[in-house]
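S.K.: Dropping the structure in here first, questions after.
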Amino acid sequence: MEYIETLHRQVDGNNITERYLADKCVVSENGRQVYRNIDYSNTFRPDYSNEMAILLGDVQNDMCCYCMRQLPKGSPQITLEHIIPQSSSIDQFNRYISLGYNELSEINLIHTDVFSGKSISTPRPPLPHTVAYHNFLISCDGSFIPDNNSHLCCNNARQEKFLVPVFFDADIEQNIEYTPSGEAKAADKARQKSNITVAISAAKLNCKPLREIRRIWYCLRHIDLDTIISAVNDRRTKIILIMKHCKDSNLLNKYTIYPYKWELLLSYSWFHSYYKKHYDNK
Numbered sequence: 009m010e011y012i013e014t015l016h017r018q019v020d021g022n023n024i025t026e027r028y029l030a031d032k033c034v035v036s037e038n039g040r041q042v043y044r045n046i047d048y049s050n051t052f053r054p055d056y057s058n059e060m061a062i063l064l065g066d067v068q069n070d071m072c073c074y075c076m077r078q079l080p081k082g083s084p085q086i087t088l089e090h091i092i093p094q095s096s097s098i099d100q101f102n103r104y105i106s107l108g109y110n111e112l113s114e115i116n117l118i119h120t121d122v123f124s125g126k127s128i129s130t131p132r133p134p135l136p137h138t139v140a141y142h143n144f145l146i147s148c149d150g151s152f153i154p155d156n157n158s159h160l161c162c163n164n165a166r167q168e169k170f171l172v173p174v175f176f177d178a179d180i181e182q183n184i185e186y187t188p189s190g191e192a193k194a195a196d197k198a199r200q201k202s203n204i205t206v207a208i209s210a211a212k213l214n215c216k217p218l219r220e221i222r223r224i225w226y227c228l229r230h231i232d233l234d235t236i237i238s239a240v241n242d243r244r245t246k247i248i249l250i251m252k253h254c255k256d257s258n259l260l261n262k263y264t265i266y267p268y269k270w271e272l273l274l275s276y277s278w279f280h281s282y283y284k285k286h287y288d289n290k
């Protein structure tokens, strides 16, 4: 994970939500125009959600908020993660608000059930949590094999679990570690150690594919990134790289036979710089 700062694009994000509300959710009731039928799945998607994903891709450098996978614009792996789950009760919503993050403040967010029925003249923000910019980040869908419906990590794995949004902590990069074996864990002296541990568990950031991918990046940390990228269609080069630096026949077979596996590895190139920075002399 790394620190994500979304507030600098909140005007653009709020504009997407405001247009959605004006276009899809205004009805007349007893001579008043009010907001109803706020529906992320059926009317916010796909048009407004795609706009939001493009904006958040710019904010997040096109990387998953959990696993650091590169998500190019239009990638089928992109999902919008609701930080406060859509189905949250008002009590659970208030629990998130009480965490004290500026992004999830009552200035920016209101529970959708509370917002529904309000007059269109109501001052905004706050905006309904199921369609609000401040409650979104982009996440991958946790799939690792093309045309496979298995979702092993991140948004689809987390589902509705309560999660403190530690990616909004400016010091998160000092408080989460990735070991040479590929394990993600809270640093020994981490602030919010228990919350980071819960986030890692909820998003399943230690699923087998992620541990393998991080392990390979640890092994290849001394190799120039361009050399690693250029090996995508050259199995011989891939074999040489992994055999020389990993000496793991299991990883050798998995990541050299099929080009898509190497492409998957490359989508996690963030870990090349991470391991080079933290383990360069080890």
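Numbered per this note's numbering, the sequence shown spans residues 9 to 290. For each residue, glycine too, the CB sits at the ideal point set by N, CA and C. Here the structure is a predicted model, which means the values were calculated and not measured.
For residue 153 and residue 262, what's the separation of their Cα atoms in angstroms?
M.R.: Mapped onto the sequence shown, residue 153 falls at position 145. Mapped onto the sequence shown, residue 262 falls at position 254. Rounded to the nearest angstrom, the two C-alpha atoms are 12 Å apart.
S.K.: Quick check on this structure: which residue in 162, 159, 239, 176 has the alpha carbon closest to the alpha carbon of residue 142?
M.R.: As a working note, residue 142 is residue 134 in the sequence shown. The shortest Cα separation from residue 142 among 162, 159, 239, 176 belongs to 176.
S.K.: Give a yes or no on contact between the region 11-21 and the region 32-50, applying the rule of three or more CB pairs nearer than 8 Å.
M.R.: Output reads no: the region 32-50 does not touch the region 11-21.
S.K.: Might you give, ordered along the chain, the residues of its own chain that have their beta carbon closer than 7 Å to the beta carbon of residue 217, omitting 5 neighbours on each side?
M.R.: Stepping through the sequence shown from its first residue, residue 217 is reached at position 209. Here the set comprises 152, 160.
S.K.: What's the C-alpha gap between residue 212 and residue 130?
M.R.: Taking the sequence shown and counting its residues from 1, one reaches residue 212 at position 204. Taking the sequence shown and counting its residues from 1, one reaches residue 130 at position 122. C-alpha separation (whole angstroms): 40 Å.
S.K.: CA-CA distance, residue 128 and residue 23?
M.R.: Residue mapping note: residue 128 aligns to position 120 of the sequence shown, counting from 1. Residue mapping note: residue 23 aligns to position 15 of the sequence shown, counting from 1. Approximately 15 Å between the Cα atoms of the pair.
S.K.: Three or more C-beta pairs closer than 8 Å, one from the region 277-289 and one from the region 228-248: is that the case here?
M.R.: Yes, the region 277-289 touches the region 228-248.
S.K.: Taking the alpha helix (DSSP H) that residue 224 falls in, what are its first and last residues?
M.R.: Here residue 224 refers to the residue found at position 216 of the sequence shown. Residue 224 -> alpha helix (DSSP H) spans 216-227.
S.K.: Cutting at 6 Å between CB atoms, please list the residues of its own chain near residue 193, excluding the five before and the five after it.
M.R.: Mapped onto the sequence shown, residue 193 falls at position 185. Correct list, in chain order: 185.
S.K.: Which residues in the same chain have their Cβ closer than 8 Å to the Cβ of residue 12, if we skip the five residues on either side of it in sequence?
M.R.: The residue labelled residue 12 in the question sits at position 4 within the sequence shown. Cβ within range, chain order: 67, 68, 73, 145, 175, 176.
S.K.: Between the alpha carbons of residue 47 and residue 168, how many angstroms are there, rounded?
M.R.: Position 39 of the sequence shown, counting from 1, holds the residue named residue 47. Position 160 of the sequence shown, counting from 1, holds the residue named residue 168. Taking the straight line from one Cα to the other gives about 17 Å.
S.K.: Beta-carbon within less than 6 Å of residue 166's beta-carbon, same chain only, minus the 5 sequence neighbours each way: which residues are those?
M.R.: Taking the first residue of the sequence shown as 1, we reach residue 166 at position 158. If we look at residue 166 and ignore the five residues flanking it on each side, its Cβ neighbours are 210, 211.
S.K.: Would you mind reading off the limits of the beta strand (DSSP E) that contains residue 193?
M.R.: Walking along the sequence shown from the start, residue 193 turns up at place 185. Looking at the DSSP string, the run of the beta strand (DSSP E) that includes residue 193 is 192-194.
S.K.: What's the gap between the Cα of residue 243 and the Cα of residue 237?
M.R.: One-based indexing of the sequence shown puts residue 243 at position 235. One-based indexing of the sequence shown puts residue 237 at position 229. Distance between the alpha carbons of residue 243 and residue 237: 12 Å.
S.K.: Assess contact between the region 197-209 and the region 249-268, defined as three or more Cβ pairs (one per stretch) separated by less than 8 Å. Is contact present?
M.R.: No, because fewer than three Cβ pairs between the region 197-209 and the region 249-268 fall closer than 8 Å, the two stretches do not touch.
S.K.: Decide if residue 207 is buried, meaning its Cβ has at least 16 other Cβ atoms within 10 Å, or exposed.
M.R.: Along the sequence shown, one-based indexing puts residue 207 at 199. Classification of residue 207: buried, given that the 10 Å Cβ count is 16 or more.
S.K.: Secondary structure at residue 71, three-state DSSP: helix, strand or coil?
M.R.: For this step, residue 71 is matched to residue 63 along the sequence shown. Note: residue 71 maps to strand in three-state DSSP.
S.K.: Between which two residues does the beta strand (DSSP E) harbouring residue 245 extend?
M.R.: Against the sequence shown, residue 245 aligns to sequence position 237. No beta strand (DSSP E) holds residue 245; the alpha helix (DSSP H) holding it covers 243-253.
S.K.: Answer yes or no: do residue 137 and residue 101 have a C-beta to C-beta separation smaller than 9 Å?
M.R.: Counted from its first residue, the sequence shown places residue 137 at position 129. Counted from its first residue, the sequence shown places residue 101 at position 93. For residue 137 and residue 101, yes; Cβs fall inside 9 Å.
S.K.: My guess is that residue 134 and residue 114 are in contact by the Cβ rule of under 8 Å, so how many angstroms apart are they, rounded?
M.R.: Taking the first residue of the sequence shown as position 1, residue 134 is located at position 126. Taking the first residue of the sequence shown as position 1, residue 114 is located at position 106. Right, the Cβ-Cβ distance comes to about 6 Å (below 8 Å), so this counts as a contact.
S.K.: Let me check one thing: in DSSP terms, what residues is residue 186 bridge-paired to?
M.R.: Here the question's residue 186 lines up with position 178 in the sequence shown. For residue 186, which the question treats as bridged, DSSP gives the partners 192.
S.K.: How far does the beta strand (DSSP E) with residue 88 in it extend, from its first residue to its last?
M.R.: As a working note, residue 88 is residue 80 in the sequence shown. Residue 88 -> beta strand (DSSP E) spans 86-90.
S.K.: Let me know the secondary structure DSSP gives residue 17 once reduced to three states.
M.R.: The sequence position of residue 17 within the sequence shown is 9, counting from 1. Three-state DSSP puts residue 17 in a helix.
S.K.: Take residue 178 as the anchor and find which of 109, 79, 57 has the nearest alpha-carbon.
M.R.: Here residue 178 is taken as the residue at index 170 of the sequence shown, counted from 1. Per the Cα distances, 109.
S.K.: If you measure between the beta carbons of residue 275 and residue 79, is that distance less than 9 Å?
M.R.: Position 267 of the sequence shown holds residue 275. Position 71 of the sequence shown holds residue 79. A contact, by the Cβ cut-off of 9 Å.
S.K.: Given a threshold of 16 other Cβ atoms within 10 Å of its Cβ, counted over all protein chains shown, does residue 220 qualify as buried or as exposed?
M.R.: Position 212 of the sequence shown, counting from 1, holds the residue named residue 220. With 16 or more Cβ atoms within 10 Å of its Cβ, residue 220 is classed as buried.
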